[in-house]
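Participant:
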Amino acid sequence: MQDKKFYITTPIYYVTAKPHLGSLYSTVLADVAARWHKLMGYRTFLLTGTDEHGQKIAQAAEQAGMPVKQFVDQFIPAYKGMWDTYEIEYNHFIRTTDAGHVHAVQQWIEQMLKQGDIYKSFYEGWYCVPDETFVTVDESLNSSSHPSIHFADANQSGRAELTQPKPGDTGPACPTCSRPTVFVSEESYFFRLSKYQDALLKFYKENPTFILPKERAQEVIRFVEAGLKDLSISRTSISWGIPFPGDPKHVVYVWADALNNYLTAVGYPDASFKQWWPPDVQVLGKDIVRFHAVFWPAFLMATRVELPKHLLVHGWIKVGEHKMSKSLGNVVDPQLLFDRYGAEPVRYYLTRYMAITHDSSFSDADLEQKVSTDLANDLGNLLNRMLVLAQKFELSSVALVAQWSQPTQELQLSLKNTIELYRAHMREYQFHLALGELWKFIGHTNAYFHGQEPWKVAKQSEPCTHGELNCSAKDRCVSPKFIEIISATAHSLRAAALLLWPVLPKKMETLLNALGHQLNISTTDIIDQLETQPWNQTFMLKSIEPLFAKYEPAPAENAEPKKEVKEAENAITIQDFTKIELLVGTVKACEPVPKSDKLYRLEVDFGPHGKREILSGVRKDLAIEELLGKQGVFVFNLAPRPMMGFTSHGMMLFAKDSEGKTKPLTVATPVPDGSRVS
Ligand code: ME8
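Every number in the numbering used here is 64 more than the matching position in the sequence shown, counting from 1.
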């Protein structure tokens with residue numbers, strides 16, 4: 065019998081801060097895929113974790129003035145807590161500082177050295193620390209929206225422009241994140257990537273669905289066809305990394321360490337790793353596709369183990385026009401979203417509306433609108449209307465229906481087609497398309513329920529549905545037609561709940577319970593049963609609270625002011641107001657002004673408007689940490705004011721909370737620095 069195992073991974077996240085909506089997105093997608101396979105009777109293994117070595121983390125710890133291990137440790141509860149909050153059923157959380165991983169990576173390096181896949185040479189070139197990536201001058205000049213990776217020239221045939229700078233000099237902008245690269249010139253171990261060029265191209269050809277969506281494969285293939293150079297996989301200028309076996313000057317390059325987590329987390333080099341190997345799907349963002357589609361398969365070829373079956377590469381979540389990222393400082397905090405909407409509406413919105421195939425903008429307003437329409441109206445209301453109507457006519461136990469009318473048979477056929485399409489999209493991990501199909505069916509069920517007008521046919525009590533000649537409940541008896549409509553709607557809702565369970569697990573379990581059903585995950589393929597079995601279910605209906613909240617759209621700009629609002633005595637006109645330029649900025653530095661017990665000197669980043677020195681008299685009220693790194697609202701066009709030997713070029717805004725404590729005026733969700741408040 066075919067082993068129904070499903071091994072899925074998320075990227076392991078750099079721990080320079082708490083998780084954000086981007087990291088949650090990849091993790092939710094992996095959870096949805098794993099749960100979908102659970103429904104189909106698979107044993108599943110979902111791996112996630114954190115990437116804790118490398119220059120970027122070491123620098124962040126240094127900036128925070130903390131020992132690196134202590135620095136990374138502090139974020140782990142936030143990651144694990146967030147995954148629990150969002151109902152992520154992960155099987156293992158790997159940290160690359162785990163002793164088992166460190167040891168396994170060292171064994172892997174030793175094996176590569178022994179078989180000649182790793183050798184020692186010298187590396188010179190530009191390095192992007194935030195992306196932990198080697199970048200060529202050509203790439204930075206021809207920068208596109210996609211990242212490019214530099215492969216060191218093992219023969220040291222570097223061009224003139226690469227040899228002029230000194231180590232540590234800053235250089236051309238990184239093509240991915242646009243920040244300056246630094247020059248690196250050091251002895252290095254190299255992985256013989258060039259040796260695997262042909263094998264990689266053959267593999268892509270023979271496995272056209274290795275990279276999903278398939279459209280993303282072309283870029284990778286072109287890149288490999290252009291020629292691969294050997295890859296530097298050790299560093300001597302940093303010390304925060306896995307010690308290179310047998311050469312203590314070197315630490316393992318962070319990507320050679322990190323990629324191997326997918327092997328070491330399931331037990332490699334112990335043979336037990338084979339019970340899960342290979343990964344069935346690896347979820348990642350397009351920013352790291354080449355690491356996973358080029359280096360990683362080459363490493364695995366050298367390791368002589370099977371390659372992953374699919375890489376699921378998704379686009380970016382953007383805020384406005386920019387990719388949301390820790391380093392750009394515009395991340396959305398999933399905790400705030402949870403507090404406002406709960407976990408499952410956010411899971412739904414991410415899965416359905418942040419389409420895998422392209423970049424998508426995230427906005428609270430859109431989330432509220434989609435949750436209200438799809439979840440509260442289309443699905444939640446349908447359930448409630450059915451339950452309320454059944455209750456009104458005292459129908460709680462819905463018996464088997466022997467014969468279905470034509471409209472119900474059409475609904476059944478529509479479900480069959482939906483399941484087929486849903487399955488096909490899920491097979492390719494196109495969750496948004498699968499959900500789109502399901503919503504067509506939910507629409508069909510709504511139309512059916514409405515069109516059948518069950519409230520009109522409920523009281524036709526001939527013949528008695530209890531089948532008794534002198535039925536004591538006769539005056540309350542409902543018609544067979546009514547039972548059919550309720551049963552058909554309940555069958556449809558049950559099917560929707562099962563199909564949706566991977567995305568909205570708790571809500572869909574509540575929905576099933578309201579129908580008198582429950583979900584039992586086992587080795588049975590529930591989806592197969594759903595598709596093949598006739599509608600032969602009975603239901604025990606229970607009224608429940610509405611499953612989903614509805615959100616009112618924000619009032620239109622020119623809406624009438626509410627009557628109870630008092631006119632301000634010294635009202636100003638809108639023209640007066642627009643004279644004040646209010647901008648959002650991030651406090652990049654905050655220090656006390658010498659000889660003043662009131663003032664802080666802030667350095668504030670206004671994005672495209674540059675950085676400014678701003679003085680603020682809140683030293684007695686707020687600690688430095690309460691301002692540092694925070695986005696606040698500033699009066700940007702205040703005339704410069706000299707104060708205590710400095711000049712303030714603006715004013716930060718504050719308000720007092722209910723306890724009278726001063727708090728900076730912040731934005732609910734991060735926005736790009738320099739955004740205008742209007
Ligand atoms: O790259 N939209 O870690 P990382 C969508 N440690 N997804 C996003 C996103 C956004 N705006 N921002 C982040 C690393 N992600 C390495 C990975 S794996 C062996 C090592 C998601 O913390 C997306 O999956 O920068 C992206 O690839 C990943 O987080 C990058 O996380």
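Beta carbons are placed, not taken as given, at the ideal position from N, Cα and C, and that holds for glycine. These numbers were taken from a predicted model, which means no experiment stands behind them.
Is LEU348 near the ligand NAD, judged by its Cβ being under 7 Å from some heavy atom?
Facilitator: No copy of the ligand NAD appears in this structure; the ligands present are the ligand ME8.
Participant: Report the three-state DSSP secondary structure of TRP190 (helix, strand or coil).
Facilitator: Your numbering for residue 190 matches position 126 in the sequence shown. Three-state DSSP puts TRP190 in a strand.
Participant: For the alpha helix (DSSP H) holding GLN171, just list the boundary residues, first then last.
Facilitator: Numbered from its first residue, the sequence shown carries residue 171 at position 107. Start and end: 163-178.
Participant: Hey, ALA440 and PHE254: beta-carbon distance below 8 Å or not?
Facilitator: As a working note, residue 440 is residue 376 in the sequence shown. As a working note, residue 254 is residue 190 in the sequence shown. For ALA440 and PHE254, no; Cβs fall outside 8 Å.
Participant: Is ASP115 close to the ligand ME8? I mean its beta-carbon at under 7 Å from any heavy atom of the ligand.
Facilitator: Within the sequence shown, numbered from 1, the residue matching residue 115 stands at position 51. True, at least one ligand heavy atom lies under 7 Å from that Cβ.
Participant: What residue range does the alpha helix (DSSP H) around PRO409 cover?
Facilitator: As a first step, residue 409 is located in the sequence shown; it is residue number 345 there, counting from the start. Segment 407-417, the alpha helix (DSSP H) holding PRO409.
Participant: Which residue or residues does DSSP assign as beta-bridge partners of HIS386?
Facilitator: As a position in the sequence shown, residue 386 is number 322, starting the count at 1. Answer by DSSP bridge pairing, in chain order: VAL383.
Participant: Comparing alpha-carbon positions, which option in TYR183, LYS387, THR328 and LYS338 lies nearest LYS350?
Facilitator: Counting from 1 along the sequence shown, the entry for residue 350 is found at position 286. Here the closest residue by C-alpha is LYS387.
Participant: Is the CB-CB distance between LYS120 and VAL169 below 8 Å?
Facilitator: The residue given as residue 120 occupies position 56 in the sequence shown. The residue given as residue 169 occupies position 105 in the sequence shown. No, these two residues do not count as a Cβ contact at 8 Å.
Participant: When you measure from the CB of LEU323 to every non-hydrogen atom of the ligand ME8, does any distance come out below 7 Å?
Facilitator: Position 259 of the sequence shown, counted from the start, is the residue given in the question as residue 323. Yes, since a heavy atom of the ligand ME8 falls inside the 7 Å radius drawn around the Cβ of LEU323.
Participant: How big is the Cα-Cα spacing for ILE644 and LYS144?
Facilitator: Against the sequence shown, residue 644 aligns to sequence position 580. Against the sequence shown, residue 144 aligns to sequence position 80. When rounded, the distance between both Cα atoms is 43 Å.
Participant: Mind checking whether PHE505 and SER551 have CB atoms under 8 Å apart?
Facilitator: As a working note, residue 505 is residue 441 in the sequence shown. As a working note, residue 551 is residue 487 in the sequence shown. Not closer than 8 Å, so no.
Participant: Who are the Cβ neighbours of ALA653 in its own chain at under 6 Å, not counting the five residues just before and after it?
Facilitator: On the sequence shown, residue 653 is found 589 positions in, with the first residue counted as 1. Within the same chain, ALA653 has close Cβ partners GLU667.
Participant: When you compare only the Cα positions, how much space is there between HIS713 and TYR89?
Facilitator: Residue mapping note: residue 713 aligns to position 649 of the sequence shown, counting from 1. Residue mapping note: residue 89 aligns to position 25 of the sequence shown, counting from 1. Answer to the nearest angstrom: the Cα atoms are 39 Å apart.
Participant: Could you check what DSSP says for ARG243 in three-state terms: helix, strand or coil?
Facilitator: On the sequence shown, residue 243 is found 179 positions in, with the first residue counted as 1. Three-state result, ARG243: coil.
Participant: ARG256 and ASP294 - do their beta-carbons sit closer together than 8 Å?
Facilitator: The sequence position of residue 294 within the sequence shown is 230, counting from 1. The sequence position of residue 256 within the sequence shown is 192, counting from 1. The answer is yes: Cβ separation under 8 Å.
Participant: Rounding to the nearest angstrom, what Cα-Cα distance links LEU111 and ASP148 in this structure?
Facilitator: Locating residue 111 in the sequence shown gives position 47, where the first residue counts as 1. Locating residue 148 in the sequence shown gives position 84, where the first residue counts as 1. Cα to Cα, LEU111 sits roughly 14 Å from ASP148.
Participant: Closer than 7 Å: is that where the CB of MET146 sits relative to any heavy atom of the ligand ME8?
Facilitator: For this step, residue 146 is matched to residue 82 along the sequence shown. MET146 Cβ: outside cutoff for every heavy atom of the ligand ME8.
Participant: How many angstroms separate the CA atom of ASP669 from the CA atom of PRO734?
Facilitator: Position 605 of the sequence shown, counted from the first residue, corresponds to residue 669. Position 670 of the sequence shown, counted from the first residue, corresponds to residue 734. One C-alpha to the other measures close to 14 Å.
Participant: Would you say the beta carbon of ASP351 comes nearer than 7 Å to a heavy atom of the ligand ME8?
Facilitator: Here residue 351 corresponds to residue number 287 of the sequence shown, with the count starting at 1. Correct: ASP351 has its Cβ closer than 7 Å to the ligand ME8.
Participant: Taking buried to mean at least 16 other C-beta atoms within 10 Å of its own C-beta, is ILE638 buried or exposed?
Facilitator: Looking up residue 638 in the sequence shown gives position 574. Under this definition ILE638 is an exposed residue.
Participant: Please work out which residues of its chain come closer than 6 Å, Cβ to Cβ, to SER221, disregarding the five sequence neighbours upstream and downstream, and give them in chain order.
Facilitator: Your numbering for residue 221 matches position 157 in the sequence shown. In this prediction, SER221 has a pLDDT of 34, which is less than 50 and means its spatial position is unreliable; what the coordinates show is noted afterwards. There are no such residues.
Participant: At a threshold of 7 Å, does SER772 count as lining the ligand ME8 (C-beta to nearest heavy atom)?
Facilitator: Nothing about residue 772 can be read from this structure; the chain reaches only from 65 to 742.
Participant: Using 7 Å as the cut-off, classify the Cβ of PRO90 as near or not near the heavy atoms of the ligand ME8, replying yes or no.
Facilitator: Position 26 of the sequence shown, counting from 1, holds the residue named residue 90. In the sequence as presented, Pro is not what sits at residue 90; that position holds Ser. Yes, the beta carbon of SER90 sits closer than 7 Å to at least one heavy atom of the ligand ME8.
Participant: Look at TYR317 and VAL248 and say whether their C-beta atoms are less than 8 Å apart.
Facilitator: Stepping through the sequence shown from its first residue, residue 317 is reached at position 253. Stepping through the sequence shown from its first residue, residue 248 is reached at position 184. Taking 8 Å as the Cβ cut-off, TYR317 and VAL248 do not qualify as a contacting pair.
Participant: May I have the straight-line CA-CA distance separating SER207 from PRO272, to the nearest angstrom?
Facilitator: Along the sequence shown, read from residue 1 onward, the residue named residue 207 stands at position 143. Along the sequence shown, read from residue 1 onward, the residue named residue 272 stands at position 208. Bear in mind that a pLDDT of 38 at SER207, under 50, signals an unreliable position, so the number given afterwards is only what the model happens to contain. Spanning the two alpha carbons is a distance of roughly 27 Å.
Participant: Going by beta-carbon coordinates alone, are ALA281 and TYR268 separated by less than 8 Å?
Facilitator: Taking the first residue of the sequence shown as 1, we reach residue 281 at position 217. Taking the first residue of the sequence shown as 1, we reach residue 268 at position 204. Yes, these two residues count as a Cβ contact at 8 Å.
Participant: Mapping DSSP to helix, strand and coil, what is ILE158?
Facilitator: Looking up residue 158 in the sequence shown gives position 94. Looking at ILE158 - three-state DSSP - the assignment turns out to be strand.
Participant: Roughly how many angstroms lie between the CA atoms of LEU647 and GLU609, to the nearest whole one?
Facilitator: Position 583 of the sequence shown, counting from 1, holds the residue named residue 647. Position 545 of the sequence shown, counting from 1, holds the residue named residue 609. Each residue's alpha carbon lies about 43 Å from the other.
Participant: Would you be able to state if there are at least three C-beta pairs under 8 Å between the region 462-473 and the region 551-560?
Facilitator: As far as the Cβ criterion goes, the region 551-560 touches the region 462-473, which means the pair count is three or higher.
Participant: Ordered along the chain, which non-local residues of its own chain (more than five positions away) have a Cβ less than 8 Å from that of ILE483?
Facilitator: On the sequence shown, position 419 is the one that residue 483 refers to. The residues are ALA559, LEU563, ILE591, LEU594 and GLU595.
Participant: Going along the chain, which residues of its own chain have a beta-carbon closer than 6 Å to the beta-carbon of VAL330, five neighbours each way excluded?
Facilitator: By 1-based counting over the sequence shown, the position of residue 330 is 266. These residues qualify, in order along the chain: PHE337 and TRP340.
Participant: Quick one: residues in its chain with C-beta nearer than 6 Å to the C-beta of GLU681, no 5 flanking neighbours on either side, listed in chain order?
Facilitator: Along the sequence shown, one-based indexing puts residue 681 at 617. Looking at the sequence shown, residue 681 is not Glu but Gly. Result list for GLY681: LYS662 and LEU663, in chain order.
Participant: Rounded to the nearest angstrom, what separates LEU717 and GLU655 at their Cα positions?
Facilitator: The count along the sequence shown starts at 1 and reaches residue 717 at position 653. The count along the sequence shown starts at 1 and reaches residue 655 at position 591. Spanning the two alpha carbons is a distance of roughly 18 Å.
Participant: Check the C-beta distance from PRO343 over to ILE72 and give it rounded, since I have them as a contact under 8 Å.
Facilitator: Here residue 343 corresponds to residue number 279 of the sequence shown, with the count starting at 1. Here residue 72 corresponds to residue number 8 of the sequence shown, with the count starting at 1. Their Cβ separation, rounded to whole angstroms, is 7 Å, which keeps PRO343 and ILE72 in contact under 8 Å.
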